[in-house]
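Report on one structure; see the data block that follows.
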Amino acid sequence: MKTMLAIISNALCRMTGRNAGARVVVSRSFADFTPQATFDIKKCDLHRLEEGPPLKAELTRDQGLQYYRTMQTVRRMELKADQLYKQKIIRGFCHLYDGQEACAAGIEASINPTDHLITAYRAHGYTYTRGVSIKEILAELTGRKGGVAKGKGGSMHMYAPHFYGGNGIVGAQVPLGAGIALACQYQGNDQLCVTLYGDGAANQGQLFESFNMAALWKLPCIFICENNKYGMGTSVERASASTDYYKRGDFIPGIRVDGMDVLCVREATKFAADHCRSGKGPIIMELQTYRYHGHSMSDPGVSYRTREEIQEVRTKSDPISMLKERMLSNNMASVEEFKEIDVDIRKQVEEAAQFATSDPEPPLEDLCNHIFCNNPPLEVRGTNPWSKLKSVSKT
Amino acid sequence: MAASLRCFLRSGKKAVSALGQREFHKSAPVAAQVTVRDALNQAMDEELERDERVFLMGEEVAQYDGAYKVSRGLWKKYGDKRIIDTPISEMGFAGIAVGAAMAGLRPICEFMTFNFSMQAIDQVINSAAKTCYMSAGLQAVPIVFRGPNGASAGVAAQHSQCFAAWYAHCPGLKVVSPWNSEDAKGLLKSAIRDDNPVVFLENELLYGVPFEMSEEAQSKDFTIPIGKAKVERAGTHVTLVSHSRYVGYCLDAAAVLTKEGIECEVINLRTIRPMDVESIEASLMKTNHLVTVEGGWPQFGVGAEICARIMEGNDRLTASGRRLSSRRGC
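Protein sequence lines correspond, in order, to chains A and B. The opening residue of the first sequence carries number 3 in the working numbering; numbering runs sequentially from there. The opening residue of the second sequence carries number 166 in the working numbering; numbering runs sequentially from there.
The structure is reproduced here in structure tokens:
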């Protein structure tokens with residue numbers, strides 16, 4: 003049946019042009035596919051919890067395609083950033099997220115847009131899942147005025163409603179996240195804050211101060227450690243006396259999750275969100291994940307780990323491949339469909355890169371703007387006593 | 166009979182005092198002697214009442230009534246939600262306060278003294294001060310960091326540092342240093358209403374000092390604009406520029422010097438950043454002589470900045486300045 007369809011579509015392609023043929027395949031396939039399936043997911047290790055997230059996850063076709071699209075978009079966007087950086091169109095810091103897409107996609111799938119999220123500097127993925135367009139992200143990386151922070155923030159300082167960046171100081175975002183959770187509790191709005199940090203930041207003292215206060219005051223905060231096994235060039239064994247990051251909250255319950263499986267992340271985050279919203283206080287999740295790139299664009303990423311290790315993760319645990327294979331083997335979508343999505347994403351990323359390369363830089367008059375918020379305009383000293391610049395802060 | 170009479174008298178007394186209170190607000194005595202502590206307390210009380218997003222957090226601010234009793238009575242009035250005792254975790258609770266500000270609340274974060282703010286200084290500078298700029302205005306941080314700053318009485322070096330110069334160095338922060346009760350109340354109210362991070366430097370030795378507060382200053386809407394200095398005493402021979410407790414020293418010195426025929430103009434900076442250099446320049450056009458007086462160390466201090474600006478500034482100024490400060494280490 004499939005071969006016959008393929009023959010017909012090929013013929014149509016040749017006769018009428020590509021699109022007609024493709025449409026034939028899609029409209030025929032829609033009726034054939036499994037609309038929903040249940041998958042076994044890895045059991046999560048638990049700390050101070052009697053029960054954990056379920057061992058099975060339901061996935062609808064639409065959800066699957068959406069998660070695939072999200073992860074693939076982040077992947078392609080990060081690879082495009084890599085390319086632009088090597089062309090010196092992006093400069094400064096650039097910390098790429100490829101390999102970790104399942105974390106961002108899985109978390110966003112289980113929280114509400116009205117919930118809050120804050121992370122550290124490896125933030126492009128979350129900036130996207132929290133609603134900023136690829137265009138605005140890439141243009142911010144290239145420092146143009148069309149960027150989400152008008153070119154003033156760069157890679158580590160992108161913001162959106164209910165998304166607080168993008169933070170450059172390792173670990174500083176954790177007390178901030180606990181504070182956002184305090185605001186949720188104070189305002190009684192049933193919202194929570196997802197506060198992310200890495201295995202490197204897990205040893206910062208301010209995290210333990212935050213854990214203490216969050217537990218004391220039962221703040222609705224999900225602390226999530228994205229353990230990608232390396233803090234810059236230092237492996238977890240060389241940095242932490244205990245690498246059970248999900249237990250490091252001591253009196254705070256914890257779950258260790260397979261961060262390469264978007265469904266596992268989704269179910270665990272749902273579980274954690276329910277925990278917070280029911281007033282039980284904070285919870286810690288450790289997502290075991292991996293980054294393909296080095297720490298940043300100036301790190302080839304192979305002096306402290308082997309190429310074999312990277313390759314092994316790519317072939318055996320890639321989050322995008324895993325989802326795709328699951329859906330294909332359960333007849334939830336077709337290879338062509340995925341290809342179409344890929345093509346579409348490539349096109350979007352290419353257009354965004356075009357914009358990011360051609361958009362002008364912010365004008366010099368903008369240099370000193372927004373030193374203060376909601377402030378009357380003020381005069382700012384330039385590089386010498388006679389140079390007076392203006393700082394305006396529009397609301 | 167006696168009991169009911171007593172009851173009547175009691176209720177009557179309540180009625181009379183209530184009446185008295187109403188009249189007190191309607192036509193207050195012309196001026197009153199109010200300590201700096203009470204002025205700060207009033208400012209916070211009024212702002213807590215005015216805007217429910219305002220809350221106070223810090224060590225001992227609630228049940229202890231404040232380490233220096235500045236927040237006395239506030240916890241009893243507003244409760245656990247609005248007046249929050251924190252564990253001894255400056256970096257943690259300063260960060261929590263900044264996060265709460267980012268998410269729409271208006272926290273007052275108290276440091277027991279600003280010496281302890283050094284533990285949290287990353288949150289003040291990198292998370293609070295720089296965020297509005299880096300986000301191109303998308304993310305405001307309406308927070309006040311307040312507490313006693315500078316020298317106290319015999320508390321030793323670790324508890325006596327003045328942080329005016331440290332914080333005033335950073336763009337994105339407003340740094341305020343009140344002297345008397347009117348300053349304290351008006352500037353704290355402005356700081357709380359400001360949508361930007363404000364470092365509010367008090368002085369422990371001033372807390373118990375009473376100052377006259379005008380009728381206007383006692384009203385609930387009395388604010389003093391941040392960024393404007395005040396000429397406390399007009400003069401013609403020399404300009405004394407100071408902030409916080411040392412304004413008092415300057416006025417005392419002026420009283421001594423006037424007997425020798427030297428008239429000092431005393432300027433109370435009130436705000437360190439943004440500094441009101443125009444007021445200093447205007448004064449120097451008259452006097453042509455500048456002395457800066459501060460409690461901090463001289464090197465790279467507030468006085469150094471004032472001297473530099475005067476030296477660089479307006480070409481018509483021929484004044485040169487001298488700095489008075491606490492003893493330089495080395």
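Using N, Cα and C, we set each Cβ at its ideal position, and we do this for glycine too.
Asked: is_contact[A:VAL26, chain B] using C-beta, thresh 8 angstroms; Found: Note on A:VAL26: pLDDT 42, under 50, position unreliable in the model; no value is reported.
Asked: Reduced DSSP secondary structure (H/G/I, E/B, other) of B:ASN206; Found: helix
Asked: Buried or exposed by the 16-neighbour rule on C-beta atoms within 10 Å, applied to B:ALA208; Found: buried
Asked: Where A:GLU211 meets chain B, residues with beta-carbon distance less than 7 angstroms; Found: SER254, MET256, GLY257
Asked: Short CB-CB distance (under 8 angstroms) between B:LEU303 and chain A; Found: yes
Asked: Identity of the residues DSSP links to A:GLN38 by a beta bridge; Found: A:THR62
Asked: Residues bridged to A:LYS390 [DSSP beta-bridge criterion]; Found: A:ARG383
Asked: Contact list for A:ASN114 against chain B, beta-carbon separation under 8 angstroms; Found: The contacting residues do not exist; A:ASN114 stays about 15 angstroms from chain B at best.
Asked: Given 8 angstroms, three or more beta-carbon pairs between the region 57 to 75 of chain A and the region 187 to 204 of chain A; Found: no
Asked: Cα-Cα separation between A:GLY233 and B:TYR233, rounded to whole angstroms; Found: 43 angstroms
Asked: Proximity test, Cβ basis, 8 angstroms: B:GLU477 and chain A; Found: yes
Asked: Residues that B:LYS385 contacts on chain A, provided the C-beta gap is smaller than 9 angstroms; Found: The premise fails here: B:LYS385 is roughly 22 angstroms from chain A at the closest Cβ pair, so nothing lies under 9 angstroms.
Asked: The region 364 to 379 of chain A: positions lying closer than 9 angstroms to chain B by Cβ; Found: PRO364, ASP368, CYS370, ASN371, HIS372, ILE373, PHE374, CYS375, ASN376, ASN377
Asked: Interface partners of A:TYR188 on chain B, CB under 8 angstroms; Found: PHE220, LYS246, ALA265, LEU270
Asked: Beta-bridge partners of A:HIS118, as assigned by DSSP; Found: A:CYS195
Asked: A:HIS49 beta carbon less than 8 angstroms from that of A:PRO255; Found: yes
Asked: Status (buried if at least 16 other CB within 10 Å, exposed otherwise) for A:GLY127; Found: buried
Asked: Check whether B:ILE389 and B:ASP359 have beta carbons under 8 angstroms apart; Found: no
Asked: C-beta contact flag for A:TYR166 and A:LEU178 at 8 angstroms; Found: yes
Asked: Enclosing beta strand (DSSP E) for B:ILE248 [first to last residue]; Found: 248 to 250
Asked: Local Cβ density within 10 Å of A:LYS396, reported as buried at 16 or more and exposed below that; Found: exposed
Asked: Chain B within 8 angstroms of A:MET79, Cβ atoms only; Found: no
Asked: Validate contact between the region 232 to 250 of chain B and the region 123 to 142 of chain A using beta carbons, cut 8 angstroms, 3 pairs; Found: no
Asked: With 16 other Cβ atoms within 10 Å as the buried cut-off, status of B:TRP331; Found: buried
Asked: Contact with chain B by A:HIS118, beta-carbon distance below 8 angstroms; Found: yes
Asked: Local Cβ density within 10 Å of B:HIS334, reported as buried at 16 or more and exposed below that; Found: exposed
Asked: Per-residue burial, B:VAL195 [other beta carbons within 10 Å of its own, 16 or more giving buried]; Found: exposed
Asked: DSSP-derived helix/strand/coil call for B:ALA301; Found: coil
Asked: A:HIS159 at chain B interface by Cβ criterion, 8 angstroms; Found: yes
Asked: Assigned secondary structure, A:GLN175 (DSSP; H/G/I helix, E/B strand, else coil); Found: helix
Asked: B:ARG175 versus B:TRP240: straight-line alpha-carbon distance, rounded; Found: Reliability of the predicted coordinates at B:ARG175 is poor, the pLDDT of 49 falling under 50, and no value is obtained from them.
Asked: Which of helix, strand or coil DSSP assigns to A:LEU98; Found: coil
Asked: Amino acids of chain A, ordered along the chain, whose beta-carbon sits closer than 8 angstroms to that of B:CYS297; Found: HIS372, ILE373, PHE374, CYS375, SER395
Asked: Chain B contact for A:ALA122 (CB, 8 angstroms cutoff); Found: no
Asked: Reduced DSSP secondary structure (H/G/I, E/B, other) of B:ASP386; Found: coil
Asked: Whole-angstrom distance between A:GLN175 and B:MET256, CA atom to CA atom; Found: 11 angstroms
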